[in-house]
Amino acid sequence: MTARRDGARRYNLGAIAFHWIIAALVFIQLYVGWTFADMPRGDLRAGWFDWHKTLGFTVLLLSIARLIWRIANPPPPFPAALQTWERVLARANHALFYIILIGLPATGWMYLSTGKPALTSSTTSLIGGLSWPFIPGLPRGAHEGFEEAHGLLVWLTCALLVLHVGAALKHQFVDRIGNRMLPSGARGDA
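1384 is the number that our numbering gives to position 89 of the sequence shown; each next residue is one higher, with no gaps.
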């Protein structure tokens, strides 16, 4: 954590890097997911699906690493100007994001692991000729449930993104305390 002139503390560089890399991947992933879902079956759709899986597993791994980082490097305290209700909402939003950033790709992985390809292979294809293992032993009958859970988590992700971005804009332009997570070149506290 680094202190600013106004005494508020910033997130450390690792937390900032995880935040912005995962945020970019999530927005790209939402676009890729919605785009390939509407494509007719064929090579183009399969290629986009490989990108979707690759991005999803990348988000999963980075989110687990980010959670470990957060446990080892606790976040700075909330700014004193934050109201109690804002602190409660922020904690809930952050906790839900961790659940989603791990749960969303995990449900996708479970969906893949109970699909038809898992009956004849132990891996799924990713971009660049890479492959990822299926989760063994999941009940095939849970396939539709994993698909529904994955879809519901996508919508919850969108709702949390709206809340999170709205809060960040409020903190940046109304409260003037929103630069704790900005990359160092844009933090405005030098």
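A virtual CB, placed ideally from N, CA and C, is assigned to each residue, including glycine.
Because the structure is a prediction, the values reported are computed rather than measured.
Near E1442, which residues of its chain fall below 7 Å by C-beta distance, leaving aside the five closest residues on each side in sequence? The residues Y1406, in chain order, have a CB closer than 7 Å to that of E1442 in the same chain once the five nearest residues on each side in sequence are set aside.
For T1418 versus W1404, is the C-beta spacing smaller than 8 Å? Against a cut-off of 8 Å, the Cβ pair of W1404 and T1418 comes out as no contact.
What are the start and end residues of each continuous alpha helix (DSSP H) run of 4 or more residues lying completely inside the region 1438–1473, in chain order? Scanning the region 1438–1473 from its first residue to its last, the whole alpha helix (DSSP H) runs of 4-plus residues come out as 1438–1468.
Excluding the five sequence neighbours on either side, which residues of its own chain have a C-beta within less than 7 Å of the C-beta of P1372, listed in chain order? Around P1372, the same chain offers R1304 as residues with beta carbons nearer than 7 Å, after the five sequence neighbours per side are excluded.
Quick one: Cα of G1342 to Cα of T1379, how far? Taking the straight line from one Cα to the other gives about 47 Å.
Sequence-distant residues of the same chain with beta carbon closer than 7 Å to I1317, five excluded per side: Take I1317, set aside five residues on each side of it, and the residues of its chain with a beta-carbon closer than 7 Å to its own are V1354, L1357, S1358, R1361 and L1396, in chain order.
From this set, K1465, F1392, T1402 and G1410, which residue's C-alpha is nearest H1314's C-alpha? Checked all of K1465, F1392, T1402 and G1410; the closest Cα to H1314 is F1392.
Whether L1433 touches T1409 by CB criterion (8 Å): When the beta-carbon positions are compared, L1433 and T1409 come within less than 8 Å of each other.
Exposed or buried, R1475, counting other C-beta atoms within 10 Å across all chains shown (16 or more means buried)? By the 10 Å Cβ count, R1475 comes out buried.
Proximity to R1386 [Cα-Cα], best of G1398, L1339 and L1458: Out of G1398, L1339 and L1458, L1458 has the C-alpha closest to the C-alpha of R1386.
May I have the straight-line CA-CA distance separating R1336 from I1363, to the nearest angstrom? If you draw a straight line from the Cα of R1336 to the Cα of I1363, it is about 39 Å long.
Contacts around S1416, its chain only, beta-carbon distance under 8 Å, and the 5 residues preceding and following it disregarded: Cβ within range, chain order: F1429.
Suppose the cutoff is 7 Å on Cβ atoms and the five residues either side in sequence are ignored; what does the same chain contact list for I1472 look like? Within its own chain, the residues whose Cβ lies closer than 7 Å to the Cβ of I1472, once the five positions on either side in sequence are excluded, are A1303, P1374, A1376 and H1466, listed in chain order.
Taking only three categories from DSSP, how would you classify T1402? Here T1402 sits in helix by DSSP.
Is it the case that the Cβ atoms of A1310 and R1365 are separated by a distance below 8 Å? Result yes, Cβ atoms of A1310 and R1365 sit closer than 8 Å.
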